[in-house]
Structures are given as structure tokens and as C-alpha cells.
Amino acid sequence: MKRIIFNQKGGVGKSTIAVNLAAIASYNGKRTLLIDMDAQCNSSRYLLGDAAKEVAPTIANYFEETLGYSFFPKAASTYIHPTRFDNLFLMPSSAGLGDLQSKLDSRHKIYKLRDTLNELGKEYDEIFIDTPPAYNFFTQSALIAADTCLIPFDCDDFSREALYTLMDNVAEIRCDHNSALRIEGIIVNQFQRRANLPQRLVDELVAQGLPVFNTKLSSSIVIRESHQQCLPMIHLDKNHKLSNEFSALYDELLAA
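Per this note's numbering: the sequence shown = residues 2 to 257.
Shown next, in the form of C-alpha cells:
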């Protein structure tokens with residue numbers, strides 16, 4: 002299964018969700034690949050720490066390769082690195098990724114990632130793709146390559162308006178490039194159960210028939226510790242409430 006975690010609004014927890022779902026999958030014995038397509042490299046730093054600054058080759062090198070016409074292109078596995086966690090592998094990002102966008106766009110390389118992930122899908126049980134907060138070449142490539150889209154949602158009115166635009170963009174990709182693409186669900190993040198506004202917004206999305214997951218991810222200071230120690234929640238404290246929520250969310254994915 003190839004899943005993209007996508008929202009063109011920043012600050013909604015894409016990288017945190019991508020890393021923690023990938024960690025849960027690998028913890029449960031699934032051979033799992035996380036692809037970091039965001040030039041901010043948050044997922045790469047989450048898993049590798051300071052080593053993310055030096056790791057090579059990266060997904061930027063992969064896209065550079067697609068711009069060439071080598072008779073002997075490098076295997077996709079060249080760009081994949083093991084992490085310190087069993088069954089969890091990473092195709093890291095780099096800050097230079099954004100510099101390639103115009104070249105890739107002009108050379109119509111939008112389908113290259115799809116072809117590569119179809120190949121990698123034979124080697125991995127789960128593939129998660131973290132994306133930049135923009136509807137650009139990289140997110141479009143990932144949407145074309147993915148089976149499903151997971152949408153992080155932060156409970157405010159700005160996020161709700163961005164959600165409608167995002168769903169239109171996903172529908173466009175489905176219509177023009179990837180007829181099998183489906184929105185697997187909306188992940189409510191940073192949920193404050195005692196506040197009225199978050200619950201009202203979620204109720205409104207459900208009333209509109211949108212696919213909101215039952216599991217909601219709580220707002221917790223411990224996620225900052227998880228980032229700082231470069232330990233996904235299941236490895237930081239598997240009994241923490243937030244770890245249990247990520248596990249429940251992953252169970253929902255499997256049941257869908």
C-alpha cells in the first residue's frame with residue numbers, strides 16, 4: 002500500500018503523522034519505507050537526527066537522475082537507507098530538492114515517481130510519502146504514485162477552508178492522472194477534547210459526509226520530546242496515550 006500524507010497548509014503535523022504511522026507499521030513487522038519529499042527534511046531529521054544533514058544519496062539525487070538519459074540508471078534502492086528501527090527504511094530529502102522543481106516540470110517527469118514506487122511496492126509492505134505544504138510538482142508526483150491520500154486536519158476555520166481546496170486538487174489528479182486514487186481519510190490532529198470549537202468543526206465535517214477517522218490525535222507536549230530525541234512515539238513510550246492513538250489510527254487504516 003502506498004499512502005501520501007498531504008495538506009497544502011503548513012503546520013498540521015504531516016511529518017509527525019507520516020513518521021509515527023511508518024514506525025507503527027514497522028513495529029508490527031511490516032517492511033516499511035518512508036519517503037521524505039519535503040525540502041524542509043523534517044521526516045528525515047525525525048528519524049536520523051543530525052545525520053540527516055550528511056546522508057546521501059537523497060531523493061534530490063533520485064530526481065536529478067531522472068533528468069538524465071543514462072543507459073544504466075541506478076536502482077531505486079540506491080536512494081534508500083536503513084534506520085535504527087527494525088523494518089523501517091527511509092528515502093531522505095535534502096534542502097536542494099526545491100531547486101529541481103522547474104527543471105522537472107519543464108521535462109515532464111511527473112510520472113517517474115509512480116514508476117519507481119510500482120517497482121518498490123514489490124519490496125515493501127507499506128510505503129508512506131511525506132510531502133511539502135504546497136500543491137506543486139512533488140505533491141502531484143506523489144498523488145499520481147499513491148494508492149490513497151491521508152489528510153491531516155488541524156481544528157480551525159483556516160484548516161477547514163484549505164481542506165476543501167485540497168480535496169478539489171485530489172479530485173483533479175484522480176480525474177486526469179490516477180483514477181485509482183482515493184482519499185482514505187481525514188486525520189484530526191492536535192485535538193483538544195475539552196474545547197468546543199474542535200468538536201464542532203469535526204462534527205460539521207462528519208455531517209458533510211467526509212471520511213473522518215474515528216481516532217483523533219491528542220494535543221500533547223510529549224511530541225516535542227519525541228522530535229527532540231528522534232524517537233517515534235512507539236519507541237519513546239509505547240504506553241503513552243498518544244502512542245496508543247497512533248496505533249489505533251493504524252488499525253483503522255488496516256480495517257478500511
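Every residue gets a Cβ at the ideal spot worked out from N, C-alpha and C, and that includes glycine.
Everything numeric in this text was worked out from a predicted model, so none of it was measured.
Asked, Found
"ASP177 to GLN9 span [Cα, whole Å]", "19 Å"
"CB-CB length for LEU114 against ALA143, believed under 8 Å", "7 Å"
"Inter-stretch contact (C-beta, 8 Å, three-pair minimum) for the stretch 7-21 and the stretch 188-199", "yes"
"LEU49 vs LEU91 beta-carbon contact at 8 Å", "yes"
"C-alpha distance - TYR125 paired with SER94, whole-angstrom precision", "19 Å"
"Secondary structure, beta strand (DSSP E): runs of 3+ residues fully inside the stretch 156-232", "183-190"
"Stretch pair the stretch 205-212 + the stretch 23-30: three plus CB contacts closer than 8 Å", "no"
"Spatial distance of TYR136 from PHE7 (CA atoms)", "9 Å"
"Coil, strand or helix - LEU68 by DSSP", "coil"
"Supposed close pair ASP131, LEU35 - CB separation, criterion 8 Å", "7 Å"
"Environment of PRO199 [buried if 16+ CB atoms lie within 10 Å]", "buried"
"Spatial distance of ALA257 from ARG201 (CA atoms)", "25 Å"
"Residues that DSSP places opposite HIS82 in a beta bridge", "LEU91"
"Candidates GLY69, GLU55, LEU68, of which the one nearest HIS82 by Cα", "GLU55"
"First through last residue of the alpha helix (DSSP H) which encompasses ASP116", "113-121"
"Which of helix, strand or coil DSSP assigns to ASP37", "strand"
"Cβ-based burial, ASN240 [other Cβ within 10 Å; buried from 16]", "exposed"
"GLY99 vs ALA26 beta-carbon contact at 8 Å", "no"
"CA-to-CA distance, LEU182 to ALA53, given in whole angstroms", "31 Å"
"Start-to-end residues for the beta strand (DSSP E) that takes in ARG32", "Per DSSP, ARG32 belongs to no beta strand (DSSP E) and is neither H nor E."
"Simplified DSSP assignment, three categories, for ARG247", "The identity of residue 247 in the sequence shown is Phe, whereas the question assumes Arg. Note: PHE247 maps to helix in three-state DSSP."
"Own chain, CB closer than 8 Å to PHE64, minus 5 neighbours either side, in chain order", "LEU98, LEU101, LEU105, LYS110, LYS113"
"With 16 other Cβ atoms within 10 Å as the buried cut-off, status of TYR47", "buried"
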